[in-house]
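Enquirer: Just passing along the structure, written as structure tokens.
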Amino acid sequence: MSDPVPQKWFAIDVETSAAAVDAVQYGLNALEALGTEVDSLRKSANESLRVTGYFHELPDTGELLREIGLGFKIYDLPAKTAHTITSREVVNEDWLAEWKRHWKPTEIGDFIIAPPWSDVEPSDKIVIRIEPNMAFGTGTHETTQLCLAAIGDNCRAGQSFLDVGTGTGILAIAAAKLATEHTETIENKTRMVSVSPEAKIVACDTDLDSVRIARENAEANGVERQIEFFDGSISAATPPFDFVCANLTIDVIVPILPLLIEKTKDILLLSGILAGQEAIITEQFLKLQISNFDIKHAGEWISVLTPIT
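The sequence shown begins at 12 in our numbering and counts up one residue at a time.
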């Protein structure tokens, strides 16, 4: 019997500045990379870094340049921030398993975000399992962490919840988990679960693949019956919700901000906004005669929490 043909992947290597790493990862993940990694070992602050995205098939060159360019635009970086972009073939039967070993559970406030294959020590934290095929929405990105912390601190059982731009569904899943009152006995690992019947959780995204992934993640976490997913965005016909979350980008948030406020009965949470764009979002709120908002920072990103009265 002949030896099996080894699995083959493709890698896109982007040499760029440290400030542009998130922007490059954004572009690679938009092309549905299997995973990304940053080679920063023994590199000084002024040295270029290599960001690598792994794919089953090589992305179209035009789409690759377009998505990375969009990442630079979103992060307010010069269009030519990438120094070099190259591709290569990766043949290694154990590569995917090796890559998965680098993904560790991430603790964020009341939550632990973990890949499906990892073991998590029993605790009073709420565990959310997310397949880490995207940097955004796996708990590793600052905007996701800001939103999860705010949801843990401010979202209450029984509140309705709207997640605009759900991505992997992680924020809607967090709200659904919070809406589930549970007790757990560590010694015998028994659990009693009762779901708050008043909770209504809705999540939407304009990307069909994101909606599909979000549904799969909700099912993996046992909350698929608590969350209604749909393809699209909010409109005038959207009903109001107690807690509205929009982890988007500033260019998407600003045009729909009045509508987001209109559909919020209690709390509006925004993120996906760079720290350098704080003045922009502040100005927009003040134009709408809202000044009682709380801004929190994580790395180069901010979240804005606004009680709507």
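No residue lacks a Cβ here, since even glycine has one placed at the ideal position from N, Cα and C. The model shown is predicted, which means the values in this text are computed figures rather than measured ones.
Among the residues of its own chain, which have a CB less than 7 Å from the CB of K211, if the five just before and after it don't count?
Expert: Excluding positions up to five away in sequence, the list reads S171.
Enquirer: Going by C-alpha to C-alpha distance, which of F304, V263, E118 and D33 sits closest to D277?
Expert: Here the closest residue by C-alpha is F304.
Enquirer: Beta carbon of I319: closer than 7 Å to some heavy atom of the ligand GDP?
Expert: This structure lacks the ligand GDP; in fact it carries no ligand of any kind.
Enquirer: Distance, Cα to Cα, G243 vs D174?
Expert: Distance between the alpha carbons of G243 and D174: 12 Å.
Enquirer: Count the C-beta pairs between the segment 18–32 and the segment 53–72 that are closer than 8 Å, then say yes if the count reaches three, no if not.
Expert: The segment 18–32 vs the segment 53–72: in contact.
Enquirer: Taking the Cβ atom as the reference point for each residue, do N279 and T317 lie within a distance shorter than 8 Å?
Expert: Here residue 279 is Leu; the residue named in the question, Asn, does not match the sequence. Yes. Within cutoff.
Enquirer: Determine the DSSP secondary structure at V265, reduced to helix, strand or coil.
Expert: The answer is helix: DSSP assigns V265 an H, G or I state.
Enquirer: With respect to the alpha helix (DSSP H) encompassing E68, which residues constitute its N-terminal and C-terminal limits?
Expert: Counting along the chain, E68 falls outside any alpha helix (DSSP H), and DSSP gives it neither H nor E.
Enquirer: Please report the distance separating the alpha-carbon of F252 from that of T95.
Expert: Near 46 Å, if we compare the C-alpha coordinates of T95 and F252.
Enquirer: Does the segment 79–99 come into contact with the segment 34–44, if we say contact requires no fewer than three beta-carbon pairs (one atom in each stretch) closer than 8 Å?
Expert: Judged by Cβ distances under 8 Å, the segment 79–99 makes contact with the segment 34–44, as three or more pairs qualify.
Enquirer: Among the candidates I291, I119, A286 and A160, whose CA atom is the shortest distance from the CA of I313?
Expert: Comparing Cα positions, the closest option is A286.
Enquirer: Under 8 Å between the Cβ atoms of A187 and Q156?
Expert: It is not a contact, given that the beta carbons lie outside the stated cut-off.
Enquirer: Looking only at C-alpha atoms, which of K274, A309, E230 and T47 sits nearest to F66?
Expert: Per the Cα distances, T47.
Enquirer: I need the DSSP call for T249, collapsed to helix, strand or coil.
Expert: Here T249 sits in coil by DSSP.
Enquirer: Give me, in chain order, the residues of the same chain whose beta-carbon lies closer than 6 Å to that of D24; leave out the 5 immediate sequence neighbours on both sides.
Expert: Same-chain partners within the cutoff: R61, T63 and T97.
Enquirer: For G72, collect the residues of the same chain with a Cβ closer than 8 Å to its Cβ; drop the 5 residues on either side in sequence, then sort them by chain order.
Expert: Per the sequence shown, residue 72 should be read as Thr rather than Gly. So the list is empty, once near-sequence residues are dropped.
Enquirer: Taking all protein chains shown into account, do 16 or more other C-beta atoms lie within 10 angstroms of the C-beta of K274, making it buried, or fewer, making it exposed?
Expert: The residue is buried, with at least 16 neighbouring Cβ atoms inside 10 Å.
Enquirer: Given a threshold of 16 other Cβ atoms within 10 Å of its Cβ, counted over all protein chains shown, does T320 qualify as buried or as exposed?
Expert: Its Cβ having fewer than 16 others within 10 Å, T320 is exposed.
Enquirer: Could you pull out every unbroken alpha helix (DSSP H) segment of at least 4 residues lying fully inside the segment 265–308, listed in chain order?
Expert: Runs found: 289–298.
Enquirer: For V101, which residues from the same chain have a beta carbon less than 6 Å from its beta carbon, with the 5 sequence-adjacent residues on both sides left out?
Expert: Once the five neighbours on either side are set aside, the close Cβ partners of V101 are W20 and A22.
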